[in-house]
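So this note's numbering is basically just the index in the sequence shown, starting at one, shifted up by 544. Reading through the structure tokens given below for one structure.
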Amino acid sequence: MGIDIQTLWAPILALVLPFFRILAFLQFVPVLDNRVFSRRIKIGTAMALAVIITPMLPNNVVLSELLSMRTILLIGEQILWGFLFATALQLVFVALQTAGNILSMNMGLGMAMMNDPVNGSSTTVISQIIYVFCALLFFIMDGHLLLVTILFKGFSYWPIGQAINQPTLMLVGQGLGWIMSAATLIALPTTFVMLIVQGGFGLLNARFADAEPVFSRFSYQHAVWPAVYFDAGHQHS
Numbered sequence: 545m546g547i548d549i550q551t552l553w554a555p556i557l558a559l560v561l562p563f564f565r566i567l568a569f570l571q572f573v574p575v576l577d578n579r580v581f582s583r584r585i586k587i588g589t590a591m592a593l594a595v596i597i598t599p600m601l602p603n604n605v606v607l608s609e610l611l612s613m614r615t616i617l618l619i620g621e622q623i624l625w626g627f628l629f630a631t632a633l634q635l636v637f638v639a640l641q642t643a644g645n646i647l648s649m650n651m652g653l654g655m656a657m658m659n660d661p662v663n664g665s666s667t668t669v670i671s672q673i674i675y676v677f678c679a680l681l682f683f684i685m686d687g688h689l690l691l692v693t694i695l696f697k698g699f700s701y702w703p704i705g706q707a708i709n710q711p712t713l714m715l716v717g718q719g720l721g722w723i724m725s726a727a728t729l730i731a732l733p734t735t736f737v738m739l740i741v742q743g744g745f746g747l748l749n750a751r752f753a754d755a756e757p758v759f760s761r762f763s764y765q766h767a768v769w770p771a772v773y774f775d776a777g778h779q780h781s
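Set out below in structure tokens:
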């Protein structure tokens, strides 16, 4: 009993386009874009997901040949789709990191910087703490399962060959403006408290110029934040 090469080759060609879309998505998606996750892990995960998802796709495009202009365009479309939707999810973490930078400046901790040896960048300590905390919540709340669901549903709502359209590009463009608005809303309470504290010290300095209470501004300013956060946590508990 011989083995039909064409029978084996057809399922492999059916995996090509879903594999590239999933791999591009995993390459740029938040948390998994960290250098801790090596390329081998991402390629293996993308291949495993492609093997699982491809048989369930209602309208999968099976390539007739690998070296053709149509194949190159379809592969480029899948890579672009994975990049755009991974970037859309990345905007949430970028907004939180931007809020962390604003909080650091408001709290007088902008000088507390740290070098990230993994990503090779410098960031504020508060921003890094928020990022790590959100990454842990991401896995605790089954965010990785949500990513798999997005990948699977994406093949239905954005099928291969029709993945890039005007609504998709508008969604990503609107997300860029959402970053600053969301970060500002997160940091707005601390900005308001900072305004009150600085205004209070300004009144004290104008009213009691001889006493010069400004020398203790740094310590008082930092003592305000634990009290504010403790009161907020007590109200929500």
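Each residue gets a CB set at the ideal place from its N, CA and C atoms; glycine is no exception.
Ranked by how close their Cα comes to the Cα of residue 606, the residues 659, 556, 689, 691 have 556 in first place. If you check the CB distance, residue 565 and residue 625 come in under 9 Å. Around the beta carbon of residue 586, a 10 Å sphere encloses 16 or more other beta carbons of the protein chains shown; the residue is thus reported as buried.
Under the three-pair Cβ rule at 8 Å, the region 678 to 689 does not count as touching the region 603 to 622. The beta carbons of residue 622 and residue 561 sit about 5 Å from each other, so the pair counts as a contact at 8 Å. Inter-segment contact for the region 628 to 648 and the region 672 to 681 is present: three or more beta-carbon pairs are separated by less than 8 Å. For residue 591, the uninterrupted alpha helix (DSSP H) run begins and ends at 583 to 597, by DSSP. Short of 8 Å from the beta carbon of residue 695, and not among the five residues preceding or following it, lie these beta carbons of its own chain, in chain order: 565, 566, 569, 593, 597.
The Cβ neighbour count for residue 633, taken over all protein chains shown within 10 Å, is at least 16; the residue is labelled buried. Here residue 673 is near residue 644, since their CB atoms are less than 9 Å apart. Residue 690: member of the alpha helix (DSSP H) spanning 687 to 701, first to last residue.
Between residue 630 and residue 574, the CB-CB gap stays under 9 Å. DSSP places residue 612 in the coil class of the three-state scheme, outside both helix and strand.
Within 10 angstroms of the beta-carbon of residue 693 lie fewer than 16 other beta-carbons, which makes it exposed.
Nearest to residue 599 by alpha-carbon distance, out of 620, 578, 699, is 699. Per DSSP, the beta bridge partners of residue 666 are 659. In this structure, residue 591 keeps its C-beta atom at 9 Å or more from the C-beta atom of residue 617. For residue 704, the secondary structure class from DSSP, reduced to helix, strand or coil, is coil.
Between the C-alpha atoms of residue 705 and residue 657 there is a straight-line separation of about 45 Å. Distance check between residue 554 and each of 602, 610, 682 places 610 closest, using alpha-carbon atoms only.
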